[in-house]
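Reading through the structure tokens given below for one structure.
Right, here's the structure in full:
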């Protein structure tokens with residue numbers, strides 16, 4: 001509660017009635033502020049020669065503008081319902097059962113959304129809210145699609161609801177949404193397809209490999225989307241390799257020239273992304289048609305140059321097989337698969353365990369160890385059937401940075417251990433154990449800070 005009531009009384013005495021003409025000026029200045037952004041309201045009336053805008057001061061004085069702004073109130077307080085009124089809309093605080101906990105996000109407790117948006121402008125076409133274990137993102141699934149997994153259902157459900165099936169749209173997705181079954185279905189629906197894989201290299205660098213297919217009957221919008229993807233994909237990543245069937249038979253790659261407008265736009269996209277094309281001979285031929293170069297291998301200018309070998313087509317395919325090899329050192333990782341209990345179907349697990357005849361099964365076993373093994377096996381099988389798996393990756397760090405204090409302790413540990421081996425003195429050994437424990441604590445601390 002404010003005790004300086006005279007302050008508000010003084011502001012009230014400074015008010016004088018306004019006019020329609022003055023309010024038009026006030027609203028016009030307010031709209032103009034949105035077009036001419038400045039750090040503060042007072043700066044619009046600045047008299048500094050470098051930053052002055054005399055039109056504001058000629059239209060309405062600064063103090064008068066601030067005076068109207070402080071008294072402007074567009075709601076009628078006399079119409080506000082009282083707390084005893086049935087129309088009073090009070091705040092409600094409740095529990096949201098589908099709120100998710102994601103520890104690696106800035107806001108760890110939030111609502112998880114799956115969004116389908118346009119790549120050109122980010123406009124949201126459709127979205128879905130994850131509501132827990134009973135969440136069904138694809139209620140209109142066809143026969144055979146019911147048990148294809150959550151990722152498949154999300155992709156198929158969003159495409160169906162947004163009416164983008166068989167419409168020639170290109171679909172770009174994060175690796176979280178990748179599913180082989182969904183990819184096969186999308187290829188049947190749409191004309192173009194882009195798939196990408198990420199490989200973690202030394203020193204934390206990631207190389208992105210992308211595979212692109214563009215139909216020879218691709219629309220201009222589809223071609224523009226692929227060109228935009230190439231620009232964004234290559235500019236945001238240091239190490240990039242893009243390969244695929246782009247179907248530009250009239251481009252002359254030695255001179256980087258094209259005959260059609262689509263050829264020229266594609267060449268400009270490659271130049272904007274600083275990409276180099278490495279295929280130098282035709283890759284597709286059929287019958288009496290002239291062989292054409294349709295399959296491309298694109299890399300950044302400073303990326304290691306790949307070696308491309310050409311092999312005969314596979315089966316009845318009319319495209320050559322390209323064997324692409326590039327030398328790089330991959331970072332070693334530990335991959336551990338663990339159950340993701342947050343997405344477990346525990347209702348199904350209860351039904352599975354309720355069908356087990358525990359008395360008969362445990363009664364057949366003679367020892368406690370055998371009973372425990374049967375119990376453990378039954379529970380494990382139920383978990384494997386009802387709880388999805390998640391992969392935990394951890395990069396192997398070859399060189400852990402240490403501070404001077406840790407480095408001094410490590411050297412002392414080596415020196416004391418050498419003294420103990422030479423003398424066999426127990427006092428020196430206890431000194432070694434104390435130093436060893438200190439080194440262990442410091443290295444673990446450095447590891448935690450690094451992670």
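Residue numbers (full-length UniProt numbering): 1 to 451.
Cβ atoms here follow ideal geometry from the backbone N, Cα and C, with glycine treated the same way.
Residue i versus residue j - alpha carbon distance
i, j, result
"residue 218", "residue 304", "32 Å"
"residue 209", "residue 447", "31 Å"
"residue 187", "residue 264", "Its pLDDT being 49, under 50, residue 187 is placed unreliably by the model, and nothing is read from it."
"residue 376", "residue 360", "16 Å"
"residue 257", "residue 267", "8 Å"
"residue 122", "residue 240", "23 Å"
"residue 134", "residue 150", "11 Å"
"residue 431", "residue 106", "44 Å"
"residue 387", "residue 366", "31 Å"
"residue 37", "residue 54", "15 Å"
"residue 457", "residue 207", "With the chain represented from 1 up to 451, any question about residue 457 goes unanswered, as that position is not in the structure."
"residue 427", "residue 442", "23 Å"
"residue 86", "residue 97", "28 Å"
"residue 118", "residue 353", "45 Å"
"residue 422", "residue 416", "10 Å"
"residue 429", "residue 405", "21 Å"
"residue 82", "residue 73", "19 Å"
"residue 35", "residue 27", "13 Å"
"residue 342", "residue 242", "36 Å"
"residue 462", "residue 350", "Residue 462 lies beyond the range of the chain shown here (1 to 451); nothing can be said about it."
"residue 345", "residue 337", "18 Å"
"residue 364", "residue 132", "39 Å"
Whole-Å CB distance - residue i paired with residue j, under 8 Å assumed
i, j, result
"residue 51", "residue 43", "7 Å"
"residue 99", "residue 109", "6 Å"
"residue 158", "residue 128", "6 Å"
"residue 130", "residue 112", "4 Å"
"residue 275", "residue 223", "The Cβ separation is near 16 Å, so there is no contact."
"residue 25", "residue 59", "5 Å"
"residue 356", "residue 378", "6 Å"
"residue 412", "residue 380", "With 8 Å as the limit, residue 412 and residue 380 do not qualify as a contact, their Cβ atoms being about 47 Å apart."
"residue 67", "residue 14", "6 Å"
Where residue i falls, given that 16 or more other Cβ within 10 Å makes a residue buried
i, result
"residue 80", "exposed"
"residue 103", "exposed"
"residue 247", "buried"
"residue 262", "buried"
"residue 407", "exposed"
"residue 19", "exposed"
"residue 321", "exposed"
"residue 31", "exposed"
"residue 295", "buried"
"residue 190", "Unreliable placement is indicated for residue 190, whose pLDDT of 49 sits below 50; no coordinate value is reported for it."
"residue 251", "buried"
"residue 65", "buried"
"residue 280", "exposed"
"residue 138", "buried"
"residue 156", "buried"
Residue i (DSSP reduced to helix, strand or coil)
i, result
"residue 434", "helix"
"residue 73", "coil"
"residue 374", "helix"
"residue 426", "helix"
"residue 213", "strand"
"residue 312", "coil"
"residue 402", "coil"
"residue 110", "strand"
"residue 275", "strand"
"residue 300", "strand"
"residue 20", "helix"
"residue 55", "helix"
"residue 99", "coil"
"residue 284", "strand"
"residue 244", "strand"
"residue 218", "coil"
"residue 322", "strand"
"residue 389", "strand"
"residue 356", "coil"
C-beta atoms of residue i and residue j nearer than 8 Å
i, j, result
"residue 307", "residue 325", "yes"
"residue 312", "residue 297", "no"
"residue 230", "residue 214", "no"
"residue 292", "residue 249", "yes"
"residue 340", "residue 392", "no"
"residue 91", "residue 162", "no"
"residue 319", "residue 245", "yes"
"residue 439", "residue 418", "no"
Cβ of residue i within 8 Å of any chain D Cβ
i, result
"residue 242", "Within the model displayed, chain D is absent; a lone protein chain is all it includes."
Residue i CB to nearest heavy atom of the ligand ATP below 7 Å
i, result
"residue 64", "The ligand ATP is not part of this structure, which contains no ligands at all."
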